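Okay, structure first, notes after.
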Amino acid sequence: MKTLPILTATLVLCGLVSNATDWPQWGGNDPGRNMYSPAKGLPVNFDPGKLKPGTEDYDLKTAKNTKWIAKVGTQTYGNTTVSGGKVFVGTNNETPRDKKHAGDRSIMMVFDEKTGEFLWQLVVPKLASGRVNDWEYLGLLSAPTVEGDRVYLVTSRCEVMCLDVNGFANGNDGAFQDEGQYYVGPGKPKAEPGPRDADIIWKYDMMDELGVFPHNASNCSVLLVDDVLFACTSNGQDWTHSNIPSPLAPSFIALNKKSGELLGEDDAKIGPRIFHGIWSSPSTAKVNGKQLVFHGGGDGVLYAFDAKPVKEGEDKFLKRVFWADCNPPEYKMKDGKPIKYPDASGPSEINATPVFYKNRIYVAVGQDPEHGEGVGRLVCLDATKTGDITKSGVIWDYKGVHRTMSSVSIDPVTGLLFLADFSGFVHCLDAETGKLQWVHDMKAHMWGSTLVADGKVYVGDEDGDFTVLAASKEKKVLSEINLGASVYSTPIVANGVLYVSSQTHLFGFHDSARAATDEVPKVELKPKKP
Amino acid sequence: MPLKRLIDLDQTLSRKERGRFARFSMTLFLLAGAQVAGAGDWPQFRGPTGLGYTEEKNLPLKWSAKTGENVLWKSPLKGAGHASPIVWGDAVVVCTAYWPPEVAEREKVIPEHHVSCHQAGDGKPLWDTLIPPGPWVRKDFRSGAGGGYAAPTPVTDGKLIYCAFGSSVLAALDFQGKIIWRKEIVPYTFDVTLGSSPILYRDTVILFCASAKKGDSRILAFDKASGEEKWRQQFPEMGFSHSTPVIIQVNAKPQMLVLGSGGGNSAKALQSLDPADGKIRWWCRGGGDASSPAYSSGVVYFDSGRGGAGVAVDPAGTGDVSETHIRWTVSQVPEAIGSPVIVGPLVYRLHTPGVLKCWEAATGKLVYAERLEGMTTWASPIADAAGRLFFANAGVTHVIQTGPEFRVLAVNDLGDSNHASAAVANGRMFLAGLKNLHCIGAKP
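The listed protein sequences correspond, in order, to chains A and B. So the first sequence is numbered by our numbering: it starts at 55 and just counts up by one. So the second sequence is numbered by our numbering: it starts at 134 and just counts up by one.
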């Protein structure tokens, strides 16, 4: 029957198959991963209230415009996703939800979207090799990608993993059956999986299969394009910061979402040029009729690959379509001598997600927070070009930004672009021209990205301040509240609720009055795929 | 007055000296709200008090590498480190680590451990002694200059100089550079490096050895003359720390504040010990890693220095004071590395990204948060007797006027940025850069 595929295609185009007001992956419903939500009626003022004495639980009677608050671990860098009535977030195990999983673990917690009730969790043991590959207590960094009954993520053990969205409660599904061993790590007495544990469908170990040497942390928020998953590998330096142990390992790969089978690896041979590590999550768009995937390189180069792998000899490769070095010459050489990485005035890698918007790529360079502050650069690239577009493809650039790990938010209503940087400044520019509109000083580091929605820009910082700015040409601070612990994550919106995690809690804020009327938030439907 | 006596004031001062100290410290107490040191020497990390106070009030406000303004001299250093210079009389002593150019793989070779002495008047090198390294071949060089091998600042009593290096070794030298004794510190399960500076109390040299491996954390007291261990206190629950202990006087009794909790919080982050025998008097919850506590006006302020809560506690308690003596807390203070300081009624805390926060010491109320552009937050500030704060290092320095209004008096740059804190003695400031040792002072 041909009707069903046509209907499905129509619905996908309209963004209706996955509930358009969910936020099912990093970047929400936009495969270009613009940090924007079309939601309306979002709150300006909210307050989590006070902690109940002697506890880490908030007393919601003292809260304002708060739907629910969940205690997570003590370090929470993972970004929230929401799909199918569940909320997913990566954290650590310093607030154990299950006594049988004790000690330093990386955790993905799953909560009920309506109530905030804890449902189940993925428990990932630490790599025996230690912090060089898997830094203590960082927790799970990947924002889970959810599609239907499957969850895709990258673990802190440098694995791409597929999970059952319902956890172990409905049985042990999929090819992978040894969850009890997985939870505790190799060689340890097995744990007995329970209904609050994760059901692993398959996993793909990038260290074993590809020889990847992840530097300190594996973090990719995987990108789903039809049946193909794309992920960066987190390959990088060894402990000395002077050697790349696996220079031939890929930086970027494609896997079959159903089986975890490797479909291809990048042809860019980035390994020997990695400054530090590979941590940029990808985005995608169709340009000139071709599906491209965009990867921010550990060498500071933005790469666009054809999403369709090509077989060459025994292997399959993702072929470069265009690339652009995002570090300008003056960040590389001074007085005829190379500027040594990670000098504050020197070159950087790309940690941010490249954002695709109206046939352009917006991305800025930055470094690991351990390296401190330094010069940055935001580039706007013409995504319709091919080859080396370092010079020819730059529509505009902006060097007023410092190093950043943040991705841009572009407001389609105003055409304004917002970008947070590590030095603590939020920059507002005209996305079309790159003209600077204003800069707001948060006076604290920012690791996460801005979110623009409903005429507002939401952003958190290391001080724990969570600020709402007007998404307008004139700078205006609408509200600011302190969430009691550093906010290293990016806020997201799903079904009228603004979610943001601090290091210790996941907050769901909404307009309580509007929620009480059960008014469905207005959503501007947009095509699923460009 | 020999300034080492200010460290253990109640034990060693002569009657006449006590009188002198009382007069100038009372004057300065009114300004700074804390006991401050004499101007002659700078014998340890953060000066005679360990808290970053100097009695100087005529230090130059401005200096510049480009124009030479108030730069009296600079003298090349062999190697680099985070250690601050110390000054005793005409001797300026600094510790550095140096890998010879032929060393290709630094993770396999312990660098040379240099203790060098320069003439305070003109920077002339007097001697340079190599300390045989300890047993720890380190591989984590994230902390920068010298790979973290030369992080601890030396300390002196005017007779001997005591220095520690990241290879896990403690040594005593005389003022001719002769090694008197040397002791390897085992076990060496530190996080990143041995970062805590040795301090002195009476006839002991004390080294805080908080470790990444819980159970190994301890504080050790060695006989100053012989290096023999005199006492130790184990901290079985304590994680790693790089904080240098400070000795304060509370109700005329000395307390040694020891701060450490590893990467998170703990119920015993700040502990007060008797510096004579290491017995624990009280403890307080919080975080402790990179920074030393600040103390004045009856309030101890501390935070981890690596991000986390800031805590102000009254040090007059006993036992667990977390529920009884905490005066206020700040939920999140970003990474700082350097230490805070209290001047008069205000706490000053520089943290990343170069933001100076000022709180009321009594209440924790935020007075201001302002940027000090281009500042490293690794170096610890120095408060002078004129109520000025020097956020000084061999790179960009800001001098601000203390008080409830943020006022920058000067911004200076020596162009040799490093993490080391400044030393102040005899109207001059000494700064260890990556390349040179610099002396700032008014030219005759």
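Built from N, CA and C at the ideal position, the CB exists for glycine as well. Computed from a prediction, not measured in an experiment: that's the story for all the values here.
Residue-level contact to chain A via CB, residue i, 8 Å cutoff
i: residue 472 (chain B); result: no
i: residue 331 (chain B); result: no
i: residue 566 (chain B); result: no
i: residue 485 (chain B); result: yes
i: residue 437 (chain B); result: no
i: residue 348 (chain B); result: no
i: residue 577 (chain B); result: no
i: residue 86 (chain B); result: As shown, chain B starts at 134 and ends at 577. That puts residue 86 (chain B) outside it, with no answer to give.
i: residue 177 (chain B); result: no
i: residue 464 (chain B); result: yes
i: residue 502 (chain B); result: yes
i: residue 440 (chain B); result: yes
i: residue 530 (chain B); result: no
i: residue 320 (chain B); result: no
i: residue 467 (chain B); result: yes
Under the three-state DSSP convention, the category residue i falls into
i: residue 496 (chain A); result: coil
i: residue 387 (chain B); result: strand
i: residue 235 (chain A); result: helix
i: residue 565 (chain B); result: strand
i: residue 278 (chain B); result: helix
i: residue 259 (chain A); result: strand
i: residue 400 (chain A); result: coil
i: residue 181 (chain A); result: coil
i: residue 470 (chain A); result: strand
i: residue 160 (chain A); result: strand
i: residue 493 (chain B); result: strand
i: residue 218 (chain B); result: coil
i: residue 385 (chain A); result: helix
i: residue 289 (chain A); result: strand
i: residue 423 (chain A); result: helix
i: residue 331 (chain A); result: strand
i: residue 240 (chain B); result: helix
Distance cut-off 7 Å: residue i Cβ against heavy atoms of the ligand MN
i: residue 308 (chain B); result: By its list of ligands, the structure shown contains no ligand whatsoever, and the ligand MN lies outside what it can speak to.
Beta carbon proximity, residue i to chain B, threshold 8 Å
i: residue 499 (chain A); result: yes
i: residue 539 (chain A); result: yes
i: residue 517 (chain A); result: yes
i: residue 128 (chain A); result: yes
i: residue 333 (chain A); result: no
i: residue 295 (chain A); result: yes
Supposed contact pair residue j and residue i - C-beta distance, whole angstroms, cut 8 Å
i: residue 436 (chain A); j: residue 455 (chain A); result: At roughly 20 Å, the Cβ-Cβ gap does not stay under 8 Å, so residue 436 (chain A) and residue 455 (chain A) are not in contact.
i: residue 468 (chain A); j: residue 525 (chain A); result: 6 Å
i: residue 426 (chain B); j: residue 392 (chain B); result: 6 Å
i: residue 245 (chain A); j: residue 488 (chain B); result: About 45 Å; that fails the 8 Å criterion.
i: residue 329 (chain A); j: residue 385 (chain A); result: With a Cβ gap of about 11 Å, residue 329 (chain A) and residue 385 (chain A) do not count as contacting.
i: residue 522 (chain B); j: residue 514 (chain B); result: 5 Å
i: residue 376 (chain B); j: residue 286 (chain B); result: About 13 Å; that fails the 8 Å criterion.
i: residue 410 (chain B); j: residue 357 (chain B); result: Not quite, the Cβ-Cβ distance comes to about 16 Å (not below 8 Å), so this is no contact.
Contact the region 271-281 of chain B vs the region 334-346 of chain B: 3+ CB pairs below 8 Å
no
Which residues, taken in chain order from the region 259-290 of chain B, show a beta carbon closer than 8 Å to some beta carbon of chain A?
272, 273, 274 and 275
Stretch pair the region 242-251 of chain B + the region 210-229 of chain B: three plus CB contacts closer than 8 Å:
yes
Residues of the region 232-248 of chain B whose Cβ lies closer than 8 Å to any Cβ of chain A, in chain order:
238, 239 and 240
Of all the residues that make up the region 463-495 of chain A, which are near chain B by a beta-carbon distance shorter than 8 Å?
476, 477, 478 and 495
Segment contact flag, the region 329-347 of chain A with the region 275-286 of chain A, C-beta cutoff 8 Å, min 3 pairs
yes
Check whether the region 457-471 of chain B and the region 489-497 of chain B are in contact - that is, three or more C-beta pairs closer than 8 Å.
yes
Give me the subset of the region 182-203 of chain A whose CB atoms are less than 8 Å from a CB atom of chain B, sorted by chain position.
190 and 191
Residues of the region 395-419 of chain B in Cβ contact with chain A at a cutoff of 8 Å, in chain order, please.
396 and 397
Short of 7 Å Cβ to Cβ, which residues in the region 486-520 of chain B face chain A?
486, 488, 502 and 504
Where the region 422-433 of chain A meets chain B: residues whose CB sits under 7 Å from a CB there:
So the list reads 424 and 427, given in the order they occur along the chain.
Could you list the residues in the region 533-564 of chain A with a C-beta less than 8 Å from some C-beta on chain B, going in chain order?
536, 538, 539 and 540
Check distances from the C-beta atoms of the region 363-390 of chain B to those of chain A and list, in chain order, the residues that come in under 8 Å.
Residues of the region 363-390 of chain B with a C-beta atom less than 8 Å from some C-beta of chain A do not occur.
Do the region 291-308 of chain A and the region 339-358 of chain A make contact, defined as three or more Cβ pairs closer than 8 Å?
With the cut-off at 8 Å, the region 291-308 of chain A and the region 339-358 of chain A touch.
Say whether the region 362-372 of chain A touches the region 411-419 of chain A, bearing in mind that this needs 3 or more beta-carbon pairs closer than 8 Å, one atom from each stretch.
no
Report yes or no: do the region 539-554 of chain B and the region 443-457 of chain B share at least 3 C-beta pairs separated by less than 8 Å?
no
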